Amino acid sequence: MDAGDEHYKAYVGPPLKYDLLGALQFTLLCAAGLRSNHKICDIGCGSLRVGKMLIPYLNPGNYYGIEPNQWLIDEAIKEEIGADIMRIKKPQFLNDSDFKVGGFNQRFDFCIAQSIFSHSSMSQVDQCLSEVAQSLATDGLFLATFIWGKNDYQGEEWVYPGCVEFKASSIKELAWEKYGLKMQRTNWPHPNGQNWVLFHFPGNEKKAEKIAQFNLSQYDSDTENSKANDSLKGKVISKLTRALKK
Ligand SMILES: C[S@@+](CC[C@H](N)C(=O)[O-])C[C@H]1O[C@@H](n2cnc3c(N)ncnc32)[C@H](O)[C@@H]1O
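Numbering (the working numbering), first residue to last: 5 to 250.
This is the structure:
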């Protein structure tokens, strides 16, 4: 199977990276502060690559997905999620191609659009930012991926499975000038060479910078834990040795 083929794991990207892309989105959201009480809108949720991890994790009623290809959601529910989790967690879906985040009538702590703007026209990016700006909490975050280039894609059509590029400066200007959203670039990893950005309202700059600079050295204290663990192991072994000698 190739990316773009008519199978729920292939239509959304390279099928062998289906779980990797889901896990990566889930990890980034948690690193950015997502917790189970938060509400999230997954824009272009496709076959629930991250949805299948978010839906069981979030409290009931906190996952919202928008997707024009209903068959992708149906297949993911059948093959990956199951009726019981649907009944308990009550995710909501909108079958829509106009990014109608406002259609859910919710205030979102997080929105995510993974591999959506790598296929969209500039007017679709504009429409999506407009929708997000109206539904994002004042301290909320919108995580999105782009492919940066020297020029902006000029077409009006959604391109799929091919990709389009935009200049980072054009997107930053659009988000700020029209919707009052600041754009923070990040170095977060992406296995298909896309670039993660955070959009947020003014007042959240420090938080966004900290999240953008997130790196594993923040976990250096784990080295201390492992030293403490080694010393504990040593004590247990010498106690056992003494007991055996008796
Ligand atoms: C590359 S896939 C990414 C899916 C998902 N975000 C993920 O990470 O698995 C792109 C998705 O965008 C959906 N899509 C197409 N047109 C769209 C539109 N106008 N609005 C929102 N999603 C759209 C496609 O059906 C597809 O599911």
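Beta carbons are placed, not taken as given, at the ideal position from N, Cα and C, and that holds for glycine. These numbers were taken from a predicted model, which means no experiment stands behind them.
Taking the continuous alpha helix (DSSP H) assigned at residue i, which residues delimit it?
| i | result |
| --- | --- |
| residue 150 | Element bounds for residue 150: not the alpha helix (DSSP H) but the beta strand (DSSP E), 140-150. |
| residue 34 | 22-35 |
| residue 178 | 172-183 |
| residue 76 | 74-80 |
| residue 92 | 87-93 |
So residue i and residue j are supposed to be a Cβ contact under 8 Å. How far apart are they, rounded?
| i | j | result |
| --- | --- | --- |
| residue 162 | residue 124 | 6 Å |
| residue 71 | residue 50 | 6 Å |
| residue 25 | residue 165 | About 14 Å separates the two Cβ atoms, so there is no contact after all. |
| residue 77 | residue 52 | 7 Å |
| residue 132 | residue 47 | 6 Å |
| residue 134 | residue 183 | 6 Å |
| residue 73 | residue 42 | That pair is no contact at about 26 Å. |
Secondary structure at residue i, three-state DSSP: helix, strand or coil?
| i | result |
| --- | --- |
| residue 9 | coil |
| residue 61 | helix |
| residue 158 | coil |
| residue 203 | strand |
| residue 132 | helix |
| residue 84 | helix |
| residue 40 | coil |
| residue 242 | helix |
| residue 56 | helix |
| residue 127 | helix |
| residue 195 | coil |
| residue 107 | helix |
| residue 18 | coil |
Between which two residues does the beta strand (DSSP E) harbouring residue i extend?
| i | result |
| --- | --- |
| residue 100 | Run containing residue 100: none; DSSP gives neither H nor E here. |
| residue 114 | 112-117 |
| residue 189 | 186-189 |
| residue 215 | Looking at the DSSP string, residue 215 is not in any beta strand (DSSP E); the run it does join, the alpha helix (DSSP H), is 209-216. |
| residue 120 | No beta strand (DSSP E) contains residue 120, which DSSP labels as neither H nor E. |
| residue 69 | 67-70 |
| residue 45 | 44-47 |
Say yes only if the C-beta of residue i is nearer than 7 Å to one or more non-hydrogen atoms of ligand 3, and no if none qualify.
| i | result |
| --- | --- |
| residue 101 | Because ligand 3 does not appear in the structure shown, any question about it cannot be addressed here, the ligands present being ligand 1. |
### Query
Do the segment 111-118 and the segment 72-82 touch if we need at least three Cβ pairs shorter than 8 Å?
no
### Message
Could you check whether the segment 88-96 touches the segment 56-71, counting it as contact only if at least three pairs of C-beta atoms, one from each stretch, sit closer than 8 Å?
### Response
yes
### Given 8 Å, three or more beta-carbon pairs between the segment 207-217 and the segment 168-180
no
### Message
Taking contact to mean 3 or more Cβ pairs, one atom from each stretch, closer than 8 Å, check whether the segment 143-150 and the segment 198-209 are in contact.
### Response
yes
### Query
So, do the segment 100-108 and the segment 28-40 have three or more beta carbon pairs nearer to each other than 8 Å?
no
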